[in-house]
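Numbering (this note's numbering), first residue to last: 177 to 403.
Below is the structure:
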């Protein structure tokens with residue numbers, strides 16, 4: 177199997193497979209299994225750790241996701257009058273790195289809480305633990321790209337990745353752009369699309385509810401009343 181074929185498969189075809197399953201799978205689940213369209217709460221068990229970890233993770237990851245969309249999808253003509261490629265990369269690296277640290281600290285608390293407490297672990301589906309591990313790895317991979325970015329502050333890598341993401345969104349053949357990119361970026365990209373792939377089959381599907389309403393950002397905590 178040639179390197180060119182693997183590159184085309186992982187970065188040219190696989191992203192569309194993941195996105196198609198994400199969209200169609202979410203629609204089918206919403207149509208057929210609406211009662212499973214949620215993130216099961218374990219607030220009744222060790223509430224304090226849940227509040228701290230959940231708040232840190234959600235605040236951090238929302239900034240990370242928003243930064244990815246704004247950084248990679250913003251049109252060049254909109255950004256270039258204010259920032260050159262190097263400055264754009266530095267802002268993305270500083271904001272994304274800071275938010276990523278907050279998110280991974282929160283997620284580490286949630287993962288420790290779920291694995292260390294026998295009561296929570298026995299009430300956790302395997303998919304719940306798998307999702308937390310995958311998200312933790314994805315955040316760790318994202319943070320590991322910061323030193324690489326610091327070593328290459330010319331903005332070329334950022335521009336390459338931005339062009340690739342824009343190409344995927346606009347259905348252009350851009351898989352060849354990823355060939356010279358360091359391995360950590362490649363794994364980060366593949367795992368990122370894999371998260372889209374598994375979302376319709378896990379608790380991650382509840383993200384759609386957050387995307388559907390701005391009020392999600394100001395929602396109160398779920399309250400579990402004691403008898």
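Virtual Cβ for every residue (Gly too), placed ideally from N, Cα, C.
Length of the line joining the Cα atoms of residue i and residue j
i: residue 231; j: residue 360; result: 28 Å
i: residue 179; j: residue 355; result: 9 Å
i: residue 289; j: residue 372; result: 25 Å
i: residue 337; j: residue 277; result: 21 Å
i: residue 375; j: residue 326; result: 32 Å
i: residue 368; j: residue 270; result: 20 Å
i: residue 184; j: residue 333; result: 19 Å
i: residue 237; j: residue 181; result: 33 Å
i: residue 341; j: residue 247; result: 10 Å
i: residue 263; j: residue 331; result: 8 Å
i: residue 362; j: residue 302; result: 27 Å
i: residue 309; j: residue 205; result: 23 Å
i: residue 298; j: residue 364; result: 31 Å
i: residue 384; j: residue 300; result: 22 Å
i: residue 315; j: residue 233; result: 11 Å
i: residue 197; j: residue 317; result: 24 Å
i: residue 381; j: residue 208; result: 14 Å
Residue-level contact to chain B via CB, residue i, 8 Å cutoff
i: residue 307; result: In the displayed structure, chain B is absent; only one protein chain is listed.
Residue i, enclosing alpha helix (DSSP H) - first and last residue
i: residue 298; result: 294–298
i: residue 183; result: 179–184
i: residue 380; result: Per DSSP, residue 380 belongs to no alpha helix (DSSP H) and is neither H nor E.
i: residue 357; result: Taken as a continuous stretch (DSSP letters only), residue 357 belongs to no alpha helix (DSSP H), as it is neither H nor E.
Residue i in three-state terms, based on DSSP
i: residue 304; result: helix
i: residue 329; result: coil
i: residue 209; result: coil
i: residue 260; result: coil
i: residue 347; result: coil
i: residue 339; result: helix
i: residue 271; result: helix
i: residue 279; result: helix
i: residue 323; result: helix
i: residue 191; result: helix
i: residue 250; result: coil
Sequence-distant residues of the same chain with beta carbon closer than 7 Å to residue i, five excluded per side
i: residue 200; result: none
i: residue 187; result: 351, 354 and 365
Residue environment, residue i, which counts as buried when at least 16 other CB atoms sit within 10 Å
i: residue 282; result: buried
i: residue 193; result: exposed
i: residue 256; result: exposed
i: residue 307; result: buried
i: residue 254; result: exposed
i: residue 273; result: buried
i: residue 323; result: exposed
i: residue 258; result: exposed
i: residue 348; result: exposed
i: residue 286; result: buried
i: residue 292; result: exposed
i: residue 311; result: buried
i: residue 189; result: exposed
i: residue 321; result: buried
Residues of its chain near residue i, where Cβ-Cβ distance is below 8 Å and the 5 sequence neighbours each way are ignored
i: residue 243; result: 268, 271, 272 and 275
Chain-order list of residues whose beta-carbon lies under 6 Å from that of residue i (same chain, five-residue window excluded)
i: residue 239; result: 275
i: residue 280; result: 315
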